[in-house]
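Numbering (this note's numbering), first residue to last: 24 to 261.
Accompanying notes for the structure given below.
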């Protein structure tokens, strides 16, 4: 990993003077992949679109849902086939220290990070066995326990004009994964059309199965028109 690169001058230094060493290690078989980490979405996006790195790592958490440049970075990673590791899902512990509630839990923090488009994996960074167990509990959590929409509402970090993929709108009578389909639609519209279509083809129920009953729209915490999104997804994703 080329770690903690957040300023334009640091990026230029790393790429022009230090990247060659990492690339040599890869060519010699001492490293399989080259990663880039930081805290600045704009700089990380430069790395993601450079064709030089295989994976990018940046923080993704509930408190920064509307952070400028984040979604553009996630779209760029998907478009350029660059893996994305979401670090600091608990905002460096702040979410669990200062905002812990029935809505803000380790499970909802991890669920939120994993739901964001382009995210390949989440790195919670447990400091002790208790935190490790909290993270592992995600695997056995119910859909209700994973529902992060109440956390976003409680924290007040989002003025939502687009889907956050929380799937609070389910169950769909046709069996459509509304949040998952919308995430792939957003990926496609962000430039990763072929990747989105590949993932869409694997879904057991397609957006074209929507019967426009309106149940999902009635349940959406943000008042979004999910049936319209399904119609668009059917058109764009096939």
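Glycine included, C-beta positions come from ideal geometry on N, C-alpha and C.
Is the Cβ-Cβ distance between residue i and residue j less than 7 Å?
{"i": "residue 211", "j": "residue 219", "result": "yes"}
{"i": "residue 57", "j": "residue 76", "result": "yes"}
{"i": "residue 149", "j": "residue 112", "result": "no"}
{"i": "residue 244", "j": "residue 233", "result": "no"}
{"i": "residue 64", "j": "residue 106", "result": "no"}
{"i": "residue 126", "j": "residue 177", "result": "yes"}
{"i": "residue 114", "j": "residue 133", "result": "no"}
{"i": "residue 172", "j": "residue 131", "result": "no"}
{"i": "residue 223", "j": "residue 206", "result": "no"}
{"i": "residue 81", "j": "residue 59", "result": "no"}
{"i": "residue 33", "j": "residue 62", "result": "no"}
{"i": "residue 240", "j": "residue 208", "result": "no"}
{"i": "residue 242", "j": "residue 192", "result": "yes"}
Report, in whole angstroms, the separation of the C-beta atoms of residue i and residue j, which I expect to be a contact under 8 Å.
{"i": "residue 186", "j": "residue 202", "result": "6 Å"}
{"i": "residue 67", "j": "residue 96", "result": "5 Å"}
{"i": "residue 119", "j": "residue 84", "result": "Not quite, the Cβ-Cβ distance comes to about 11 Å (not below 8 Å), so this is no contact."}
{"i": "residue 136", "j": "residue 109", "result": "4 Å"}
Does residue i pass the burial test, meaning 16 or more other C-beta atoms within 10 Å, or should it be called exposed?
{"i": "residue 102", "result": "buried"}
{"i": "residue 27", "result": "exposed"}
{"i": "residue 221", "result": "exposed"}
{"i": "residue 156", "result": "exposed"}
{"i": "residue 159", "result": "exposed"}
{"i": "residue 139", "result": "buried"}
{"i": "residue 44", "result": "exposed"}
{"i": "residue 237", "result": "exposed"}
{"i": "residue 196", "result": "exposed"}
{"i": "residue 129", "result": "buried"}
{"i": "residue 74", "result": "exposed"}
{"i": "residue 170", "result": "buried"}
{"i": "residue 213", "result": "buried"}
{"i": "residue 88", "result": "buried"}
{"i": "residue 162", "result": "exposed"}
{"i": "residue 271", "result": "For residue 271 there is no data in the structure shown, the boundaries of the chain being 24 and 261."}
In the DSSP assignment, the beta strand (DSSP E) including residue i goes from what residue to what residue?
{"i": "residue 252", "result": "Segment 249-260 is the alpha helix (DSSP H) holding residue 252; no beta strand (DSSP E) there."}
{"i": "residue 109", "result": "106-110"}
{"i": "residue 150", "result": "Looking at the DSSP string, residue 150 is not in any beta strand (DSSP E), and its letter there is neither H nor E."}
{"i": "residue 127", "result": "Premise fails: residue 127 is in no beta strand (DSSP E) and is neither H nor E."}
{"i": "residue 146", "result": "144-146"}
Check whether chain D comes within 7 Å of residue i, counting only Cβ atoms and requiring the distance to be less than that.
{"i": "residue 116", "result": "Here there is only one protein chain, and chain D is not present."}
Under DSSP, the alpha helix (DSSP H) around residue i begins and ends at which residues?
{"i": "residue 234", "result": "Counting along the chain, residue 234 falls outside any alpha helix (DSSP H), and DSSP gives it neither H nor E."}
{"i": "residue 59", "result": "Note, residue 59: premise wrong, no alpha helix (DSSP H); beta strand (DSSP E) at 58-60."}
{"i": "residue 176", "result": "172-178"}
{"i": "residue 82", "result": "Looking at the DSSP string, residue 82 is not in any alpha helix (DSSP H); the run it does join, the beta strand (DSSP E), is 78-82."}
{"i": "residue 162", "result": "Careful: residue 162 lies outside any alpha helix (DSSP H) and carries neither H nor E."}
{"i": "residue 223", "result": "216-224"}
{"i": "residue 68", "result": "64-71"}
{"i": "residue 42", "result": "42-50"}
Original post:
For the 8 Å Cβ check, are there 3 or more pairs between the region 84-102 and the region 126-145?
Top reply: The region 84-102 makes contact with the region 126-145, as at least three CB pairs between them are under 8 Å.
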